[in-house]
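In short: position in the sequence shown from 1, add 145, done, that's the numbering used here. Worksheet for the structure shown next.
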Amino acid sequence: MAKQKTVPVTSLKLMAGKLPTFPLTVTVKNLDGDEFPIVFTAKAQKKSEWAAIRDAHRKTVDGEDSPAEKAEFSFEDLVKDGMRHAAETVAGAVSGWNLEDEFTVDSLIVLEDQCGGSLAKVLNKYDAALFTGQLGN
């Protein structure tokens, strides 16, 4: 039996600042029911930094950052604003994908518009990877 290589001892000081990227595969469903995987290039972040970004996202979703009253309610504006904010939040967590389309906030909005719930899946999977170490599950 071959001798197993030892893992070098490290310290928190040596690990500081080493935040790599990692693949994050999310399966999304098209409106016709077809499912397909998208592999995102996720940016590792400190939990505390990501928690602050998620708090800001939650406040926007809950309406805490918007004016108390608008002159006229528009469901279309609500949906568009929600998709844009979710896409901007996802863009803060991932930097690319395996689709031939350019990775932009606008292309994330198109993805969400065509595959409802896809951005929530990305955020949930990223949360699981970052907060509980569930990468690849």
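Ideal Cβ placement from N, Cα and C applies to all residues, glycine included. Just so we're clear, the structure is a prediction, and the values are computed from it rather than from any experiment.
Pair within 9 Å by beta-carbon distance, residue i and residue j
i: D251; j: A232; result: yes
i: L256; j: L268; result: no
i: T166; j: A189; result: yes
Euclidean distance between Cα positions of residue i and residue j
i: I198; j: K191; result: 11 Å
i: D179; j: M228; result: 21 Å
i: V235; j: E221; result: 21 Å
i: T186; j: F248; result: 10 Å
i: T277; j: D177; result: 33 Å
i: N175; j: L223; result: 22 Å
i: W242; j: R203; result: 25 Å
i: L274; j: E194; result: The residue you asked about is not Leu; residue 274 is Ala in the sequence shown. For A274 and E194, the distance between alpha carbons rounds to 14 Å.
i: S240; j: T205; result: 22 Å
i: D258; j: K266; result: 14 Å
i: G262; j: V171; result: 11 Å
i: F181; j: L244; result: 11 Å
Residue i CB to nearest heavy atom of the ligand GTP below 8 Å
i: D179; result: Inclusion of the ligand GTP in the displayed structure is not the case, the ligand content being empty and no account of it being possible.
Start and end residues, alpha helix (DSSP H) containing residue i
i: G227; result: 220-236
i: T166; result: Here T166 belongs to no alpha helix (DSSP H); instead the beta strand (DSSP E) covers 166-174.
i: T277; result: 263-277
i: D246; result: D246 -> no alpha helix (DSSP H), and no H or E assigned at all.
Residue i versus the options, residue with shortest Cα-Cα distance
i: I183; options: P168, E194, A189; result: P168
i: Y271; options: L253, D258, G261, G237; result: G237
Residue i, enclosing beta strand (DSSP E) - first and last residue
i: A187; result: 180-188
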